[in-house]
Amino acid sequence: MVRTPDTHVRKPDTSARPPLVRELLLVAGLFLVYKFGRQLANGHTGEAFRNAHRVWDAERALRLPGEGGVQDALLSSETLIHVANTYYATVHFPATLLFLVWLYARRPRHYVWTRRVLAALTAAALVLHLGFPLAPPRMLAAAHLMDTAQVYGPSVYAAKPATDTMANQFAAMPSLHFGWALMLAIGMIVATSTRWRWLWLLHPLLTLLVIVGTANHYWLDAIAASALLGVALAVIRLPRPTPSLVVRRSGARPAADPRPGSVTPPAAPAAPAAPAAPALTVSGVHR
Numbered sequence: 083m084v085r086t087p088d089t090h091v092r093k094p095d096t097s098a099r100p101p102l103v104r105e106l107l108l109v110a111g112l113f114l115v116y117k118f119g120r121q122l123a124n125g126h127t128g129e130a131f132r133n134a135h136r137v138w139d140a141e142r143a144l145r146l147p148g149e150g151g152v153q154d155a156l157l158s159s160e161t162l163i164h165v166a167n168t169y170y171a172t173v174h175f176p177a178t179l180l181f182l183v184w185l186y187a188r189r190p191r192h193y194v195w196t197r198r199v200l201a202a203l204t205a206a207a208l209v210l211h212l213g214f215p216l217a218p219p220r221m222l223a224a225a226h227l228m229d230t231a232q233v234y235g236p237s238v239y240a241a242k243p244a245t246d247t248m249a250n251q252f253a254a255m256p257s258l259h260f261g262w263a264l265m266l267a268i269g270m271i272v273a274t275s276t277r278w279r280w281l282w283l284l285h286p287l288l289t290l291l292v293i294v295g296t297a298n299h300y301w302l303d304a305i306a307a308s309a310l311l312g313v314a315l316a317v318i319r320l321p322r323p324t325p326s327l328v329v330r331r332s333g334a335r336p337a338a339d340p341r342p343g344s345v346t347p348p349a350a351p352a353a354p355a356a357p358a359a360p361a362l363t364v365s366g367v368h369r
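Numbered by our numbering, the letters in the sequence shown go through residues 83 to 369 in order.
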């Protein structure tokens with residue numbers, strides 16, 4: 083008899099999906115806490131500009147490429163710089179939201195992992211924003227860069243940072259634009275198996291060129307975001323799928339009856355083996 087191997091029946095991936103209402107409240111609460119926390123860092127103008135000079139000098143000491151080279155490439159076409167400004171203003175939040183919705187619907191286990199990583203990354207970024215206010219390169223005279231959003235539009239920031247009630251313009255490091263985009267790419271690469279999944283890396287690459295070329299971030303802002311994301315990924319691991327308790331076994335013997343006086347029926351005797359055919363001998367050679 084040929085016995086098939088034991089087969090474990092696992093629960094579908096959808097069993098890891100958390101309640102929708104709870105997730106909506108949690109994500110909305112985290113977003114509000116982050117927005118409120120960023121507002122607390124407003125008003126540190128002098129410190130933000132001192133830190134900007136330190137970051138600019140550190141990049142020159144590290145011989146990082148100048149942000150101006152990327153901006154000059156974008157300014158070669160008015161259409162191109164307008165597209166870059168639009169990408170910065172409109173892609174960040176919608177892309178992240180669609181990413182989380184897709185994971186929640188199709189890859190719940192990956193959704194839980196991604197939400198935890200993004201929450202940890204955002205919390206660490208908020209601490210850094212509060213402790214290290216930083217003016218972006220578009221405000222730094224030593225950088226000689228243009229505020230492309232104010233000149234060509236569209237812009238998500240007020241012309242004067244002191245009057246901006248919607249965003250903290252002195253929260254350049256780390257760049258959550260880049261950090262979230264990088265996590266989106268990593269999450270989609272891990273959650274899918276198609277050979278084209280590596281193309282998701284184009285999203286953080288384009289985001290990096292946009293945030294630098296529009297003078298909203300320094301190179302070091304993206305490097306800091308990558309470092310924080312790396313720590314979060316090292317600490318928060320993708321949860322393993324939980325196997326089902328149902329186990330199918332092929333060819334298993336029936337269990338004994340636990341009742342007193344019960345007799346387990348004996349196993350059926352095996353059929354006797356057929357006698358081997360006698361060997362033929364021809365000229366003393368066995369055939």
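All C-beta atoms in this analysis are idealised placements derived from N, C-alpha and C, irrespective of residue type, glycine included.
At a Cβ-Cβ threshold of 8 Å, P219 and A166 do not count as neighbours. Here the region 196-214 lies against the region 308-324, with 3 or more beta-carbon pairs under 8 Å apart.
Listed as beta-bridge partners of L216 by DSSP are A253.
For S237, there is no enclosing alpha helix (DSSP H), as DSSP gives it neither H nor E. For A140, same chain residues with a beta-carbon under 7 Å away, outside a window of 5 residues either side, are L302 in chain order. Judged by DSSP in its simplified three-state form, N133 adopts helix. Exclusion of the five residues before and after L315 leaves V199 as the residues of its chain whose Cβ lies within less than 7 Å of its Cβ. When the beta-carbon positions are compared, F214 and N133 come within less than 8 Å of each other. For T276, no alpha helix (DSSP H) segment is defined, and its DSSP state is neither H nor E. In summary, L216 is buried, with 16 or more beta-carbon neighbours lying within 10 Å of its beta-carbon over all protein chains present.
With fewer than 16 other Cβ atoms from the protein chains shown falling within 10 Å of its own Cβ, R142 counts as exposed.
S257 sits buried, since 16 or more C-beta atoms from the chains shown fall within 10 Å of its C-beta. Fully contained in the region 170-232 are the following alpha helix (DSSP H) runs of length 4 or more, in chain order: 174-188 and 190-213. Counting only the Cα atoms, V292 lies some 11 Å from A155. Going by beta carbons, H192 and G269 fall inside the 8 Å limit.
The C-beta separation of L227 from E160 comes to about 17 Å, leaving the pair out of contact by the 8 Å criterion.
Per DSSP, the unbroken alpha helix (DSSP H) holding G312 starts and ends at W301 to V317. Your pair L185 and A273 checks out as a contact, with CB atoms roughly 6 Å apart and the cut at 8 Å. Per DSSP, reduced to three states, the secondary structure at L283 is helical. In the three-state reduction of the DSSP assignment, G151 falls in the helix class, which pools H, G and I. Spatial neighbours of L146 in its own chain (CB-CB distance under 7 Å, excluding positions within 5 residues in sequence) are listed in chain order as W301. Looking at L162, L264, W138 and P236, the one whose alpha-carbon comes closest to that of A224 is W138. The beta carbon of F181 sits closer than 6 Å to the beta carbons of L266 from its chain, once the five residues preceding and following it are set aside; these are given in chain order.
Rounded to the nearest angstrom, the gap between the Cα atoms of V183 and P176 is 10 Å.
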